[in-house]
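A.B. asks: Here it is, the structure, as structure tokens.
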Amino acid sequence: LNGKVYAFLDNRQDVYQRWSGENIGEGSPLVPIHVDDNLRNTKSIARTFKEIIGNNVKLRGGEGLPVRFVQCSTEDAVDVASDCVDRLIDEGWANNQIALLTTNRRHPIHQDHYDQGIIDTEYWPAFHAREEEFYGHVLGFKGLERSVVILCVNGFRDISRATEQLYVGFSRARSLLVVVGDRELIDQA
Numbered sequence: 112l113n114g115k116v117y118a119f120l121d122n123r124q125d126v127y128q129r130w131s132g133e134n135i136g137e138g139s140p141l142v143p144i145h146v147d148d149n150l151r152n153t154k155s156i157a158r159t160f161k162e163i164i165g166n167n168v169k170l171r172g173g174e175g176l177p178v179r180f181v182q183c184s185t186e187d188a189v190d191v192a193s194d195c196v197d198r199l200i201d202e203g204w205a206n207n208q209i210a211l212l213t214t215n216r217r218h219p220i221h222q223d224h225y226d227q228g229i230i231d232t233e234y235w236p237a238f239h240a241r242e243e244e245f246y247g248h249v250l251g252f253k254g255l256e257r258s259v260v261i262l263c264v265n266g267f268r269d270i271s272r273a274t275e276q277l278y279v280g281f282s283r284a285r286s287l288l289v290v291v292g293d294r295e296l297i298d299q300a
């Protein structure tokens, strides 16, 4: 009855553009509090998207592993990113620590779940069970995280929204970020 509810939101992750940060709290007792500390990511990962989030954010994570960039064509990005999953497992990462996220079309494994209509019955429960690697789209991974994220930059449906998608994709990894795609397209976005 007299409890408190805290709601957290990051305007830079509003990839669906459903709300405006300026009106949070209007007409209600909500009080916006700006948090300028990055605690999720290692410093090496957070520096990857520092230009997007601005210089006021304090990077509080440990130094961590260097971000890996795997250059390839946009057309080959899904295949190359899939190969990265196998290499990471060979390096000793557990498969349940890995998420492969795409920026345009779904990975074939993700598409198969969608085509079979098992998104709610098997796909998301498998993510939460943390028993295997996860294949998803960056738009569906807001607020989620994994130790290792392979961000497969396989194009963008709308280049004007690409920066938002990259921000979400870059910021989902806690320990290791692997970015796969055409560096020129990434820089353009």
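Numbering (our numbering), first residue to last: 112 to 300. For glycine and all other residues, C-beta sits at the position ideal for the given N, C-alpha and C. No experiment lies behind these values; they were computed from the predicted model shown.
(1) CB-CB under 7 Å to Glu-204, same chain, minus the five flanking residues each way: which ones, in chain order?
(2) With Cys-195 as the anchor, note down where its alpha helix (DSSP H) starts and where it stops.
(3) Cβ of Glu-174 within 8 Å of Cβ of Asn-207?
(4) For my contact list, Gly-254 and His-221 are in at a C-beta cut-off of 8 Å; report their separation, rounded to the angstrom.
(5) Under DSSP, the alpha helix (DSSP H) around Ala-237 begins and ends at which residues?
(6) Taking 6 Å as the limit between beta carbons, can you name the residues of its chain near Phe-281, skipping five residues before and five after?
(7) Can you tell me whether Asn-113 is buried or exposed? The criterion is at least 16 other CB atoms within 10 Å of its CB, across all chains shown.
(8) Under a three-way DSSP split, which group does Gly-114 fall into?
(9) Name the one or two DSSP bridge partners that Gln-182 has.
(10) Under 8 Å by Cβ, that's how I've got Ile-297 and Val-264 pegged, so tell me the actual separation to the nearest angstrom.
C.D. replies: Looking at the atomic coordinates:
(1) A small fix is needed here, since residue 204 is Trp in this sequence, not Glu. If we look at Trp-204 and ignore the five residues flanking it on each side, its Cβ neighbours are Val-259.
(2) Unbroken alpha helix (DSSP H) run through Cys-195: 188-202.
(3) no
(4) For a cut-off of 8 Å, the C-beta gap from Gly-254 to His-221 is around 18 Å, too long to register as a contact.
(5) Residues 235-240.
(6) Its chain contains Thr-159 and Phe-160 as the residues whose beta carbon lies nearer than 6 Å to that of Phe-281, once the 5 sequence neighbours on both sides are disregarded; these appear in chain order.
(7) With fewer than 16 other Cβ atoms within 10 Å, it is exposed.
(8) coil
(9) For Gln-182, the beta-bridge partners assigned by DSSP are Gly-292.
(10) Confirmed, Cβ separation roughly 6 Å.
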